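Below you'll find the structure, written out as structure tokens, and then a few comments.
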Amino acid sequence: MTLNKNDDCIFCRIAEGKSPCAELYSDDLVMAFLDIAPVNKGHALVIPKAHYRDIFEMPPTMGEALIRAQQHVGNAIMAATKAEGLNIYMNNKAAAGQVVFHAHWHLIPRFANDSLRLWPQHVYDDTEEMLQLAAEIRKKLR
Ligand code: AMP
Ligand code: ZN
Numbered sequence: 002m003t004l005n006k007n008d009d010c011i012f013c014r015i016a017e018g019k020s021p022c023a024e025l026y027s028d029d030l031v032m033a034f035l036d037i038a039p040v041n042k043g044h045a046l047v048i049p050k051a052h053y054r055d056i057f058e059m060p061p062t063m064g065e066a067l068i069r070a071q072q073h074v075g076n077a078i079m080a081a082t083k084a085e086g087l088n089i090y091m092n093n094k095a096a097a098g099q100v101v102f103h104a105h106w107h108l109i110p111r112f113a114n115d116s117l118r119l120w121p122q123h124v125y126d127d128t129e130e131m132l133q134l135a136a137e138i139r140k141k142l143r
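Its first residue numbered 2, the sequence shown is counted upward by one per residue in the numbering used here.
Laid out in structure tokens, this is it:
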């Protein structure tokens with residue numbers, strides 16, 4: 002199978018076996034390995050082997066293989082680390098914190114007492130503001 006590759010991309014090099022990683026899982030389309038700077042130990046990354054910059058470049062048909070790997074690897078991480086939960090999240094584009102521009106999902110084992118707060122939340126000025134924004138977003142779906 003010929004995959005879309007980018008020689009300057011660290012995750013493409015890992016997917017091709019040209020750079021080392023602590024591999025957890027690999028199939029034709031997807032692989033998973035430990036993140037070198039874990040939020041909690043066992044923090045892993047699930048990537049498509051082909052190079053897509055972010056979720057917006059990726060064909061939706063990749064979704065099934067990625068979700069299967071997230072479930073399979075996520076269960077194994079929780080079992081091995083005795084985690085009570087698992088965050089699965091993704092950064093898309095620099096403003097959202099993306100640093101490696103090859104689509105990837107973070108799998109982070111969580112413990113009831115790990116005192117991690119992923120993000121602060123805010124409120125809308127009022128219900129009107131919230132409903133107006135929902136209408137703006139729906140317009141962009143057309
Ligand atoms: P993001 O901010 O979503 O782009 O996350 C990139 C992640 O990749 C960070 O959590 C890094 O610690 C991780 N990372 C970068 N290079 C490597 C590597 N060679 N092996 C494993 N993880 C890596
Ligand atoms: Zn890549």
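Every residue gets a Cβ at the ideal spot worked out from N, C-alpha and C, and that includes glycine.
Only a predicted model underlies this, so the values are computations on that prediction, with no experimental measurement involved.
Inset, instruction - Could you tell me which of Ser27, Ala81 and Asn93 sits nearest to Ile56, measuring between CA atoms? - result: Locating residue 56 in the sequence shown gives position 55, counting from the first residue. Minimum Cα distance to Ile56 is reached at Asn93.
Inset, instruction - For Ile37, name the three-state secondary structure that DSSP assigns. - result: Numbered from 1 along the sequence shown, position 36 holds the residue referred to as residue 37. Coil.
Legend entry - alpha helix (DSSP H) runs contained entirely in the region 6–54, provided each spans 4 or more residues: 11–16
Legend entry - Contact set for Ile11: own chain, Cβ-Cβ below 7 angstroms, skip 5 residues either direction: Position 10 of the sequence shown, counted from the start, is the residue given in the question as residue 11. Ser20 and Val101.
Legend entry - Gln71 versus Met91, Val47 and Pro61, residue with shortest Cα-Cα distance: Start at 1 with the first residue of the sequence shown, and residue 71 comes out as number 70. Cα-wise, what sits closest to Gln71 is Val47.
Inset, instruction - Could you tell me if Pro194 is buried or exposed, where buried requires 16 or more neighbouring beta carbons within 10 angstroms of its beta carbon? - result: Examination of residue 194 is not possible in this model, given that the chain is present from 2 through 143 alone.
Inset, instruction - Please confirm whether any heavy atom of ligand 1 lies closer than 8 angstroms to the CB of Leu25. - result: Counting from one through the sequence shown, the residue named residue 25 turns up at place 24. No - ligand 1 has no heavy atom lying nearer than 8 angstroms to the Cβ of Leu25.
Legend entry - Straight-line gap, Gly18 to Ser27 (C-alpha atoms, nearest Å): As a working note, residue 18 is residue 17 in the sequence shown. As a working note, residue 27 is residue 26 in the sequence shown. If I take the Cα positions, the gap works out to 11 angstroms.
Legend entry - Chain-order list of residues whose beta-carbon lies under 6 angstroms from that of Met91 (same chain, five-residue window excluded): As a working note, residue 91 is residue 90 in the sequence shown. The answer, listed in chain order, is Trp106.
Inset, instruction - Please confirm whether any heavy atom of ligand 1 lies closer than 8 angstroms to the CB of Asp36. - result: Within the sequence shown, residue 36 is the residue found at index 35, counting from 1. Checking every heavy atom of ligand 1 against the Cβ of Asp36, one is found closer than 8 angstroms.
Legend entry - Rounded C-alpha distance that separates Ala16 from Leu117: Here the question's residue 16 lines up with position 15 in the sequence shown. Here the question's residue 117 lines up with position 116 in the sequence shown. Rounded to whole angstroms, Ala16 to Leu117 spans 30 angstroms at the Cα level.
Inset, instruction - Indicate, with yes or no, if ligand 2 has a heavy atom lying under 8 angstroms from the CB of Asn92. - result: One-based indexing of the sequence shown puts residue 92 at position 91. No; taking the cut-off as 8 angstroms, the Cβ of Asn92 has no heavy atom of ligand 2 nearer than that.
Inset, instruction - Give every residue whose Cβ lies closer than 6 angstroms to any heavy atom of ligand 2, listed in chain order. - result: Asn7, Cys10, Phe12, Cys13, His52 and His103
Inset, instruction - With Leu134 as the anchor, note down where its alpha helix (DSSP H) starts and where it stops. - result: The count along the sequence shown starts at 1 and reaches residue 134 at position 133. Residues Thr128 to Lys141.
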